[in-house]
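Per UniProt numbering, residue 1 is the first one in the sequence shown, and the count goes up by one each step.
No residue lacks a Cβ here, since even glycine has one placed at the ideal position from N, Cα and C.
All figures in this text were calculated on a predicted structure; none of them were measured in a lab.
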Amino acid sequence: MATEEKDILRGGQFLVKETNCEDVFTPEDFSEEQTMMKESVMEFNDREIIPHKARFEAKDYALTEDVMRKAGDMGFLSVAVPEAYGGMGMGFVSTVLTCDYISSGTGSFSTAFGAHTGIGTMPITLYGTEEQKQKYVPKLASGEWFGAYCLTEPGAGSDANSGKTTATLSEDGKTYKINGQKMWISNAGFCKLMIVFARIENDKNITGFIVEFDKENPNGITLGEEEHKLGIRASSTRQVFFNDTIVPVDSMLAGRGEGFKIAMNALNVGRIKLAAACLDSQRRILSTAVNYANERKQFKTPISDFGAIKVKLAEMATNAYAGESATYRAAKNIEDRIALREAAGNTHQEAELKGVEEYAIECSILKVAVSEDVQHAADEGIQIFGGMGFSEETPMESAWRDARIARIYEGTNEINRMLSVGMLVKKAMKGHVDLLGPAQKVQEELMGIPSFDTPDFSELFSEEKVMINKLKKTFLMVAGGAVQKFGPDLDKHQQLLIAAADILIEIYMAESAILRTEKNAKRFGEDSQSVQIAMSKLYLYHAVDIIEEKGKESIISFAEGDEQRMMLMGLKRFTKYQNYPDIVDLRNEIAEKVKAENKYCF
Numbered sequence: 001m002a003t004e005e006k007d008i009l010r011g012g013q014f015l016v017k018e019t020n021c022e023d024v025f026t027p028e029d030f031s032e033e034q035t036m037m038k039e040s041v042m043e044f045n046d047r048e049i050i051p052h053k054a055r056f057e058a059k060d061y062a063l064t065e066d067v068m069r070k071a072g073d074m075g076f077l078s079v080a081v082p083e084a085y086g087g088m089g090m091g092f093v094s095t096v097l098t099c100d101y102i103s104s105g106t107g108s109f110s111t112a113f114g115a116h117t118g119i120g121t122m123p124i125t126l127y128g129t130e131e132q133k134q135k136y137v138p139k140l141a142s143g144e145w146f147g148a149y150c151l152t153e154p155g156a157g158s159d160a161n162s163g164k165t166t167a168t169l170s171e172d173g174k175t176y177k178i179n180g181q182k183m184w185i186s187n188a189g190f191c192k193l194m195i196v197f198a199r200i201e202n203d204k205n206i207t208g209f210i211v212e213f214d215k216e217n218p219n220g221i222t223l224g225e226e227e228h229k230l231g232i233r234a235s236s237t238r239q240v241f242f243n244d245t246i247v248p249v250d251s252m253l254a255g256r257g258e259g260f261k262i263a264m265n266a267l268n269v270g271r272i273k274l275a276a277a278c279l280d281s282q283r284r285i286l287s288t289a290v291n292y293a294n295e296r297k298q299f300k301t302p303i304s305d306f307g308a309i310k311v312k313l314a315e316m317a318t319n320a321y322a323g324e325s326a327t328y329r330a331a332k333n334i335e336d337r338i339a340l341r342e343a344a345g346n347t348h349q350e351a352e353l354k355g356v357e358e359y360a361i362e363c364s365i366l367k368v369a370v371s372e373d374v375q376h377a378a379d380e381g382i383q384i385f386g387g388m389g390f391s392e393e394t395p396m397e398s399a400w401r402d403a404r405i406a407r408i409y410e411g412t413n414e415i416n417r418m419l420s421v422g423m424l425v426k427k428a429m430k431g432h433v434d435l436l437g438p439a440q441k442v443q444e445e446l447m448g449i450p451s452f453d454t455p456d457f458s459e460l461f462s463e464e465k466v467m468i469n470k471l472k473k474t475f476l477m478v479a480g481g482a483v484q485k486f487g488p489d490l491d492k493h494q495q496l497l498i499a500a501a502d503i504l505i506e507i508y509m510a511e512s513a514i515l516r517t518e519k520n521a522k523r524f525g526e527d528s529q530s531v532q533i534a535m536s537k538l539y540l541y542h543a544v545d546i547i548e549e550k551g552k553e554s555i556i557s558f559a560e561g562d563e564q565r566m567m568l569m570g571l572k573r574f575t576k577y578q579n580y581p582d583i584v585d586l587r588n589e590i591a592e593k594v595k596a597e598n599k600y601c602f
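Below is the structure:
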């Protein structure tokens, strides 16, 4: 009932409406059931995955399949599946949490797990008919069968709808014949079911099919050799070839030409889950790095005592904290939106589809931010280990290699950046997010005389919240100016879209960290949160810097003359602190805490 009472922000509205800290969900809000789930998943990771890291790195595909079966036995593959189809039917937060804590042992297992539970199973639970769900979902939920998702082709990567694979209806109208080639297919080597996208005749959009795969009776399906990859080495990745593969007409998923929609919505879920999959990896990288830094002595001093290393520890912890804060904030928004729609009479299927679709902007933001942070963490981890970090003897080099794919799959980070701004502009056009009103107000403010009053910033985060509001004005000013100038042609100006996206991303991440810390300071006391306060301030400081740089780059690229001067003055005003934080002090406080605990401890 609480869900109905509070007015949940719609996707993208974080930009134009204030969020109270009481209204965000944080990892400190996990229920008893969620905490037990988290511990169970962590224990599984420590027992079944981490001790076998060397085998995963040696491309032991059979091990990946074996551990996937064990995950199925534990129920981890069925967390998001409704009980009616043999699943646990847990909420969206629990789905994200499982993905988070099971993913840090190795990217190989994480990829297999994510591909199966997300894009391998979700399209059927979200778009399947009752018969299709009854037939396939229990097998996928238990791990009896594994799923793969066949979308990408040699000529169709980011432009997913341009695939050449065809589906031809038989003369008697009972079957389709599929012909074509797919590549980079995760789990191809051990899957029993494929979600295959193909084009019927000259349809504008592709269509989805459920295709069973039995190696004893391959039905025209052949697999290429295992790909040799930079990272995720024991994740089975192969090309799949269809040569007159016959499937019954009732294996079509949703309707004809609906495949592109299925693909995009499945990827929305995949994006927030991918962000989650990068979180525990960051925690583990930091913990491994600080263990080493505390033990490694140079000049008779543990290297963790040196300022140059403290910078790295503090920044790694801060990014992990912000990533957690934002990911669980969005996950709970999605869960609440699903509950609202179910309460309004939607089926679970409709509710989940619309719930995730509503927050597609946040899903793209998270995918970009957290995938880039985990790469940065692994890179700094190698640096802290020095020469040893470059060796296969230590876990850092595999963490670095595994992290690299996260910026490519589930839509490249470039595509996701452009999508986040593009979707926001579309929502504004539809009236779902009022950007025009607030953007107009910013224009008026730029024309007016700034206030020279000295505000009272004595309360926790009072200045930081003013800064967040000013950063939102920066986005409205820059994006509003670009929309005014280019209108519907804005999507042709990719560099501007990407710069605007970077501003959007930093606002969401910085605000999420601040709201989480404020909520916890109110209930647990400010003293208990002093390091979290330091991390929130440090993250915001960097966000302001990035926003200033991207704002300037945009303004000087599309505005000129008086308009340019006015906007640059506005940018200066919107990115100016009254009282700058002491960055060295903040980093030292964070690093000392991490050193003392010898791990990521927040």
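With at least 16 other beta carbons inside 10 angstroms of its own, D373 counts as buried. In this model, A439 and P82 are separated by some 42 Å (Cα to Cα). Below 8 Å, enough C-beta pairs join the region 353-368 and the region 413-423 to call them touching: three or more. Taking all protein chains in view, the Cβ of I507 is crowded by 16 or more other Cβ atoms within 10 Å, so the residue is classified as buried. Within 10 angstroms of the beta-carbon of N319 lie 16 or more other beta-carbons, which makes it buried.
Contact annotation: V247 and T152 have beta-carbon atoms that are not nearer than 8 Å.
In this structure, the beta-carbon distance from D203 to R284 does not fall below 8 Å. Restricting attention to alpha helix (DSSP H) runs no shorter than 4 residues, the region 24-60 encloses them at 32-44 and 53-57, ordered along the chain.
Annotation for N520: the continuous alpha helix (DSSP H) segment containing it runs Q494 to F524. Taking a contact to require three or more Cβ pairs closer than 8 Å, the region 507-524 and the region 468-483 qualify as touching. DSSP, reduced to helix, strand and coil, places A115 within a helical segment of the structure shown. Residue range T175 to S186 is occupied by the beta strand (DSSP E) that includes M183, with no alpha helix (DSSP H) assigned at that position. The C-alpha of D60 lies about 25 Å from the C-alpha of A276. Assigned with DSSP and collapsed to three states, T165 falls in coil, not helix or strand.
For I210, the enclosing beta strand (DSSP E) stretches over residues T207 to E212. Listed as beta-bridge partners of V433 by DSSP are no residues whatsoever. P581 sits in coil when the DSSP states are folded into three classes, being neither helix nor strand. The C-beta separation of I338 from E357 comes to about 11 Å, leaving the pair out of contact by the 8 Å criterion.
By the C-beta criterion, the region 322-333 is judged not to be in contact with the region 225-243, since fewer than 3 inter-stretch pairs fall below 8 Å. Nearest neighbour of C99 by Cα position, chosen from L169, D23 and K273, turns out to be K273. By the C-beta density criterion, Q134 is exposed, having fewer than 16 other C-beta atoms within 10 angstroms.
Residue environment: D46 is assigned as exposed (fewer than 16 neighbouring CB atoms within 10 Å of its CB, all protein chains considered). Within its own chain, the residues whose Cβ lies closer than 6 Å to the Cβ of Y539, once the five positions on either side in sequence are excluded, are T318, A322, A510 and A513, listed in chain order.
Within the same chain, Cβ atoms closer than 8 Å to the Cβ of E295 are found at P302, the five residues on either side in sequence being excluded.
With contacts defined as CB atoms closer than 8 Å, S287 and S103 fail to qualify as a contacting pair. With respect to the C-alpha of A198, the residue from G173, A167 and F213 having the closest C-alpha is A167. The beta carbon of A263 sits closer than 7 Å to those of L151, A160 and F197, all from its chain and outside the five residues before and after it, given in chain order. Rounded to the nearest angstrom, the gap between the Cα atoms of G270 and A500 is 23 Å.
For C99, the enclosing alpha helix (DSSP H) stretches over residues F92 to I102. It is roughly 38 Å from the alpha-carbon of E563 to the alpha-carbon of V24. Three or more pairs of CB atoms, one per stretch, sit closer than 8 Å, so the region 399-408 contacts the region 219-232. Annotation: the region 255-303 contains the following complete segments of the alpha helix (DSSP H) (minimum length 4 residues), in chain order: 259-277 and 279-295. Within a 10 Å sphere around the beta-carbon of Y409 sit 16 or more other beta-carbons, which makes this residue buried. In the DSSP assignment, M252 forms a beta bridge with F209. By the Cβ neighbour-count rule, P450 is exposed, with fewer than 16 other Cβ atoms within 10 Å of its own. As DSSP reads the structure, T222 sits in a beta bridge with F241.
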